[in-house]
Amino acid sequence: MWLRQTLRQTWPAAATIFLLGCTAALADTDADRLRDALRTSTQQLRALEDQRAAVQAKLADAERDKAAMKAQLDQARADLKQAEKQRRDLVEEFNQRLAERDDTLSKWKSAYEDAATVARSKDAERAKFESEATNYKATTKSCVAKNAQLMKVGRELLRRYEALTIGDMVVAREPLLQARRVEIQNLLQDYQDKLLDQKATQ
């Protein structure tokens with residue numbers, strides 16, 4: 157009885173202690189689980205923060221690379237623009253020099269054609285003058301020869317005139333026979349023919 161009574165009195169306390177013990181055990185298990193979960197979460201959080209820091213570092217590197225690439229691209233564009241301007245300037249200068257060369261070549265060609273025309277004209281004049289000089293030389297030579305013949309005929313006439321006597325003049329005017337007159341006329345005709353043969357022609 158005493159035992160029953162004791163059990164009755166202690167049973168609720170024992171049950172409470174048991175329940176508290178079970179609850180404590182359960183609480184310890186939950187706390188451990190929560191601690192483990194917290195530890196795991198903390199580790200995951202640290203890993204995520206490490207990953208976030210690494211990603212931010214990579215992002216910063218990427219931003220720097222992007223800024224460097226943009227600066228290089230801007231420089232390349234500026235260099236390309238400068239190169240294009242230089243190319244245009246060089247093309248313009250080349251075209252200008254080409255136009256000047258064409259103009260100079262045209263002037264030289266015109267001057268050459270003028271000089272060739274003058275040279276042809278001078279050659280034609282020279283050929284004409286040479287031909288005229290040759291003709292003048294031949295004409296002069298012919299005139300000199302004819303002049304010599306005329307001098308010969310003139311001297312012969314003078315010699316005959318000097319040898320003329322009064323008797324020859326009377327016979328030449330003799331009206332009856334006129335034989336001597338015909339002879340003198342024939343002689344005059346021969347001299348006239350000789351003079352005409354020596355007449356200079358152009």
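Sequential numbering of the sequence shown, starting at 157, is according to the numbering used here. Ideal Cβ positions, reconstructed from N, Cα and C, are used throughout, including at glycine. Just so you know, these numbers come straight off a predicted model, no measurement behind them.
Helix, strand or coil for Ala319? Go by DSSP, reduced to three states.
Within the sequence shown, residue 319 is the residue found at index 163, counting from 1. Correct three-state label for Ala319: coil.
In angstroms, rounded to a whole number, what distance separates the CA positions of Lys284 and Arg276?
Numbered from its first residue, the sequence shown carries residue 284 at position 128. Numbered from its first residue, the sequence shown carries residue 276 at position 120. The alpha-carbon atoms of Lys284 and Arg276 are separated by roughly 12 Å.
Compare the beta carbon distance of Lys350 and Val309 with 7 Å and say whether it is the shorter of the two.
Counting from 1 along the sequence shown, the entry for residue 350 is found at position 194. Counting from 1 along the sequence shown, the entry for residue 309 is found at position 153. Yes. Within cutoff.
At the level of alpha carbons, what is the spacing between Met225 and Leu215?
Along the sequence shown, one-based indexing puts residue 225 at 69. Along the sequence shown, one-based indexing puts residue 215 at 59. Roughly 15 Å separates the two Cα atoms.
Assuming Tyr347 and Leu313 make a contact with CB atoms under 8 Å, what is their CB distance in whole Å?
On the sequence shown, residue 347 is found 191 positions in, with the first residue counted as 1. On the sequence shown, residue 313 is found 157 positions in, with the first residue counted as 1. That belief holds up - the Cβ atoms of Tyr347 and Leu313 are roughly 6 Å apart, short of 8 Å.
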